[in-house]
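J.:
Residue numbers (our numbering): 835 to 1065.
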């Protein structure tokens, strides 16, 4: 069985941007979650990663999906046209290279987001080292966002970018049940992993309020949750 190594649940759920676990469920592949807080255990020093049936470890969600699709003969995108596949890739980049960083900022840097999110992932760290560990990790995230560039913007500028991303995503979804038609494809694993972690977690930020303005995105998360169950 595939062993999925990822962060332990927070707020009673997987609060990672859980596209890989969503894809596994859409693909119908059995897997076992192995919670870990140490990204250094993975072959590329980040989470999530998997250990496959043959004992080989794989990292990076997109590369893992490609590996599993190839070795299991699964293609969630088999009915997509060339144009739809291009659209899916553009959407993936929007989620992973733009909205992702706004979501991270909203949790780790925004005081409103940090007030709710901050204590959750460090609750099991014993005192007294909990506070310096928390401060160190938060500083690392802040420095990473600054190096990436998004962390150099003001809060108003940053959330305006996030809202523009969400509006574009809602326009693409339109009145379809899923992003590219009547059945979920790989881009839905990515989209749900991101959107559900903005809309359905108790971090009351401007990014969440923007997402909730788009009824189609809220309804989309409800449909995917009903289809896949709790994470």
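C-beta: ideal position from N, C-alpha, C; glycine also.
Distance, Cα to Cα, residue 1036 vs residue 880?
T.: So the two alpha carbons sit approximately 25 Å from each other.
J.: Please report how far the alpha carbon of residue 873 lies from the alpha carbon of residue 913, in whole angstroms.
T.: Between residue 873 and residue 913, the C-alpha separation is close to 36 Å.
J.: Would you kindly report the start and end of the unbroken alpha helix (DSSP H) that includes residue 996?
T.: Residue 996 -> alpha helix (DSSP H) spans 989 to 1007.
J.: Using CA atoms only, rank isn't needed, just tell me which of 1051, 958, 849, 943 is closest to residue 1007.
T.: It is 1051.
J.: Near residue 857, what residues of its chain come up, given a Cβ to Cβ distance below 7 Å and the 5 sequence neighbours on each side ignored?
T.: Once the five neighbours on either side are set aside, the close Cβ partners of residue 857 are 899, 1020, 1023.
J.: Tell me the rounded alpha-carbon separation between residue 1043 and residue 944.
T.: The alpha-carbon atoms of residue 1043 and residue 944 are separated by roughly 14 Å.
J.: Counting pairs of beta carbons, one from the region 984 to 1004 and one from the region 923 to 942, are three or more of them closer than 8 Å?
T.: Output reads yes: the region 923 to 942 touches the region 984 to 1004.
J.: In terms of residues, what are the limits of the beta strand (DSSP E) holding residue 838?
T.: Its beta strand (DSSP E) spans residues 836 to 840.
J.: Which residues share a DSSP beta bridge with residue 844?
T.: The partner list for residue 844 (beta bridge, DSSP) reads 847.
J.: Going by DSSP, which residues form a beta bridge with residue 866?
T.: In DSSP, residue 866 forms a bridge with 837.
J.: What residues match up with residue 883 in a beta bridge as DSSP calls it?
T.: According to DSSP, residue 883 bridges with 839, 893.
J.: Would you tell me roughly how many angstroms separate the C-alpha atoms of residue 1029 and residue 963, rounded to the nearest one?
T.: Going from the Cα of residue 1029 to the Cα of residue 963 covers about 33 Å.
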